[in-house]
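Quick notes on the structure that follows.
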Amino acid sequence: MNIASDKKVGDITVRELRELVREIVAEIVDPDYGLELRDEVIEALRESWEQKKRGEGIPLEKASKKFTAWIL
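So the sequence shown is numbered by my numbering: it starts at -12 and just counts up by one.
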(Lines of atoms letter the chains of each structure in order from A and count residues from 1; the text may use other names and numbers.)
(Lines give C-alpha, C1' and ligand atoms only; values in the text may rest on other atoms or scores of the structure.)
Protein backbone atom coordinates (compact mmCIF):
# COMPACT_ATOMS: atom_id res chain seq x y z
CA MET A 1 0.00 0.00 0.00
CA ASN A 2 1.46 3.34 -1.01
CA ILE A 3 -0.64 5.83 0.90
CA ALA A 4 1.51 8.65 2.19
CA SER A 5 1.65 8.50 5.97
CA ASP A 6 0.94 12.22 6.22
CA LYS A 7 -2.38 12.00 4.34
CA LYS A 8 -5.62 12.51 6.21
CA VAL A 9 -8.44 9.98 5.94
CA GLY A 10 -10.51 12.61 4.17
CA ASP A 11 -7.82 12.89 1.48
CA ILE A 12 -7.80 9.23 0.42
CA THR A 13 -10.25 7.38 -1.78
CA VAL A 14 -12.71 4.80 -0.51
CA ARG A 15 -10.68 2.16 -2.35
CA GLU A 16 -7.48 3.26 -0.58
CA LEU A 17 -9.28 3.25 2.77
CA ARG A 18 -10.61 -0.26 2.19
CA GLU A 19 -7.17 -1.48 1.19
CA LEU A 20 -5.65 0.13 4.27
CA VAL A 21 -8.24 -1.47 6.57
CA ARG A 22 -7.66 -4.90 4.96
CA GLU A 23 -3.92 -4.56 5.44
CA ILE A 24 -4.28 -3.53 9.08
CA VAL A 25 -6.65 -6.43 9.81
CA ALA A 26 -4.26 -8.88 8.11
CA GLU A 27 -1.37 -7.57 10.23
CA ILE A 28 -3.42 -7.95 13.42
CA VAL A 29 -4.57 -11.47 12.56
CA ASP A 30 -1.11 -12.53 11.37
CA PRO A 31 1.77 -10.42 12.72
CA ASP A 32 4.06 -12.05 10.14
CA TYR A 33 1.81 -10.93 7.26
CA GLY A 34 3.89 -9.74 4.34
CA LEU A 35 7.13 -11.26 5.60
CA GLU A 36 8.99 -13.81 3.51
CA LEU A 37 10.62 -16.98 4.77
CA ARG A 38 14.38 -17.16 4.42
CA ASP A 39 15.68 -19.85 2.06
CA GLU A 40 17.19 -21.86 4.94
CA VAL A 41 13.83 -21.92 6.75
CA ILE A 42 12.07 -23.16 3.62
CA GLU A 43 14.71 -25.87 3.22
CA ALA A 44 14.35 -26.92 6.88
CA LEU A 45 10.58 -27.18 6.45
CA ARG A 46 11.00 -29.28 3.30
CA GLU A 47 13.43 -31.61 5.06
CA SER A 48 11.05 -31.92 8.01
CA TRP A 49 8.23 -32.82 5.62
CA GLU A 50 10.40 -35.43 3.89
CA GLN A 51 11.37 -36.95 7.26
CA LYS A 52 7.69 -37.23 8.15
CA LYS A 53 6.94 -38.95 4.83
CA ARG A 54 9.76 -41.45 5.54
CA GLY A 55 8.27 -42.17 8.99
CA GLU A 56 11.13 -40.44 10.78
CA GLY A 57 10.88 -37.80 13.45
CA ILE A 58 9.13 -38.00 16.80
CA PRO A 59 5.42 -38.20 17.63
CA LEU A 60 3.66 -35.01 18.69
CA GLU A 61 3.11 -36.24 22.27
CA LYS A 62 6.80 -36.93 22.76
CA ALA A 63 7.78 -33.59 21.20
CA SER A 64 5.26 -31.79 23.41
CA LYS A 65 6.67 -33.39 26.57
CA LYS A 66 10.22 -32.57 25.47
CA PHE A 67 9.27 -28.96 24.72
CA THR A 68 7.47 -28.61 28.06
CA ALA A 69 10.59 -29.87 29.84
CA TRP A 70 12.68 -27.22 28.08
CA ILE A 71 10.54 -24.31 29.22
CA LEU A 72 9.99 -25.43 32.81
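C-beta atoms are modelled at their ideal positions from N, C-alpha and C, and glycine is treated no differently.
In the three-state reduction of the DSSP assignment, T0 falls in the coil class.
L4 places its beta carbon 8 Å or farther from that of V12. Y20 places its beta carbon 8 Å or farther from that of E27. Residue state for L47 is assigned as helix, using DSSP reduced to three classes. Assigned with DSSP and collapsed to three states, D26 falls in helix.
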